[in-house]
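Here this note's numbering is used: the first residue of the sequence shown is 249, the next is one more, and so on. Quick reminder that beta carbons are idealized off the backbone N, C-alpha and C, glycines included.
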Amino acid sequence: MKLSIIIVNFNTISYLKDCLSNLDRLNLPFRFETIVVDNGSVDGSQEWLKRQGRLRYILLPENIGFARGNNLAIREAKGEYILLLNTDAFPCRGSIERLIGFLENHRQAGIAGPRLSFPDGRWQRGYNDLPSIRKACLVLVSDLQNLLYPRIWPMIERLALILRPRQVGYVDGCCMMIKRAVIEQIGPLDEAFFFFAEDAEFCYRARQKGYGVYYVPEAKVIHVRGGSLAKKDVDMAVKARCESEKLFMVRAFGEKSWRRYAKIMYFNFLIRYQMARILNRPSQRYFYAALGEFQKEIAPSKTA
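In structure tokens form, the structure reads like this:
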């Protein structure tokens, strides 16, 4: 079998239905399977899945996290390639074939991710550098450039990066194509990461073993990337992000590097929050919550 598509769902039944319908419309030219893992949804997802005759699914009584959910399906997957796909990610026609084709034509490549866009067509970052002090500084500079040149800088960045495939630190786990050989060599996702950074950590391990991680802009995926979270969900997401980035940084670079990283990210989110507040953007809630989490991490150094 050429491909196994793995979808982890948690209380997103509407997106799940749309995601599966979109896959049906793609008419993929090879044998593939779709495995849905439901992380204890209470929105009717599990009942709906039980009524789908040909669909493979794994129903869980509770939310065990993105990494563990994917790993359950990975262990059952039969495909030569594994595609991790979010319920709110919708590959365009030909894009899955392009991701597989790129990996087939580049022996050293082990992981590939597509060009992402919002439903309204706006460009969305589908790749990034691995968490590091260097990355934190670059993000800070990028935010300052966006503040000073709100139209020009993003355009320059996008034109420079979307026109050709390139190696990146990691690709977004919302749509990540993986050679089975990579998983066989480095293992599945790290289950210590409950939510956030599991994609970065997986790509980091792949790179450590010599595999290339590639952004492939010829493959296009529409990604909703939920922005209408309730306040408690925003706080949960920010806390999870901070904890996961800390886990990654401490493992990879040590506690001292994490402290430096947290200080830079605190300043970064301070700028982002002020920008969002001035422009009255909904994202100010997220940035304000992030400020609080990173402030907790740098507080000991302030009183030392």
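Short of 7 angstroms in beta carbon distance, which residues of its chain neighbour residue i, apart from the five on each side in sequence? Order them along the chain.
{"i": "C385", "result": "I512"}
{"i": "L347", "result": "A360, P362, M425, V464 and A467"}
{"i": "L303", "result": "T282, V284 and L297"}
{"i": "Y521", "result": "Q532, F535, Y536 and L539"}
Within the same chain, show all residues whose beta-carbon is closer than 6 angstroms to that of residue i, passing over the 5 residues directly before and after it, in chain order.
{"i": "F338", "result": "N270 and I470"}
{"i": "L307", "result": "D286 and Q294"}
{"i": "W506", "result": "K494, M497 and V498"}
{"i": "F501", "result": "none"}
{"i": "I232", "result": "Because the chain spans 249 through 552 in this model, residue 232 falls outside it and cannot be assessed."}
{"i": "N259", "result": "S289 and D291"}
{"i": "F278", "result": "K250"}
{"i": "P413", "result": "Y462 and V464"}
So residue i packs on residue j, CB below 8 angstroms; how close in whole Å?
{"i": "F443", "j": "S365", "result": "The Cβ separation is near 24 angstroms, so there is no contact."}
{"i": "L378", "j": "I254", "result": "So it is not a contact: roughly 23 angstroms between Cβ atoms."}
{"i": "I322", "j": "R508", "result": "35 angstroms between Cβ atoms; not a contact."}
{"i": "G374", "j": "D420", "result": "5 angstroms"}
{"i": "R341", "j": "L274", "result": "6 angstroms"}
{"i": "N528", "j": "C423", "result": "31 angstroms between Cβ atoms; not a contact."}
{"i": "A538", "j": "F517", "result": "4 angstroms"}
Please name the residue in the options whose C-alpha comes closest to that of residue i.
{"i": "D368", "options": "Y452, V472 and C423", "result": "V472"}
{"i": "K250", "options": "L320, K265 and E352", "result": "E352"}
{"i": "Q300", "options": "P277, K265 and L274", "result": "K265"}
{"i": "E310", "options": "G288, I526, N259 and K383", "result": "G288"}
{"i": "Q356", "options": "C422, R455, N319 and T282", "result": "R455"}
{"i": "A448", "options": "L539, Y418 and K383", "result": "Y418"}
{"i": "L411", "options": "W371, K326, Y305 and G540", "result": "W371"}
{"i": "G540", "options": "M484, E503, I526 and K504", "result": "M484"}
{"i": "K326", "options": "D272, E345, Q522 and I431", "result": "I431"}
Per DSSP, what kind of secondary structure is residue i in: helix, strand or coil?
{"i": "D286", "result": "strand"}
{"i": "N311", "result": "coil"}
{"i": "E466", "result": "strand"}
{"i": "K250", "result": "coil"}
{"i": "N270", "result": "helix"}
{"i": "N257", "result": "strand"}
{"i": "Q532", "result": "helix"}
{"i": "K457", "result": "coil"}
{"i": "F221", "result": "Not covered by the structure: residue 221. The range shown for the chain is 249 to 552."}
{"i": "V419", "result": "strand"}
{"i": "S365", "result": "strand"}
{"i": "K326", "result": "coil"}
{"i": "A337", "result": "strand"}
{"i": "F280", "result": "strand"}
{"i": "G317", "result": "helix"}
{"i": "R414", "result": "strand"}
{"i": "R473", "result": "coil"}
Below 8 angstroms between beta carbons: does that hold for residue i and residue j?
{"i": "A360", "j": "Y462", "result": "yes"}
{"i": "G435", "j": "G358", "result": "no"}
{"i": "S343", "j": "K468", "result": "yes"}
{"i": "F314", "j": "E446", "result": "yes"}
{"i": "E328", "j": "R428", "result": "yes"}
{"i": "S252", "j": "I330", "result": "yes"}
{"i": "L276", "j": "V284", "result": "no"}
{"i": "V256", "j": "G317", "result": "yes"}
Excluding sequence positions up to five away, which residues of its chain have a Cβ less than 8 angstroms from the Cβ of residue i?
{"i": "E439", "result": "G313, A315, R316 and N319"}
{"i": "H354", "result": "G460 and Y462"}
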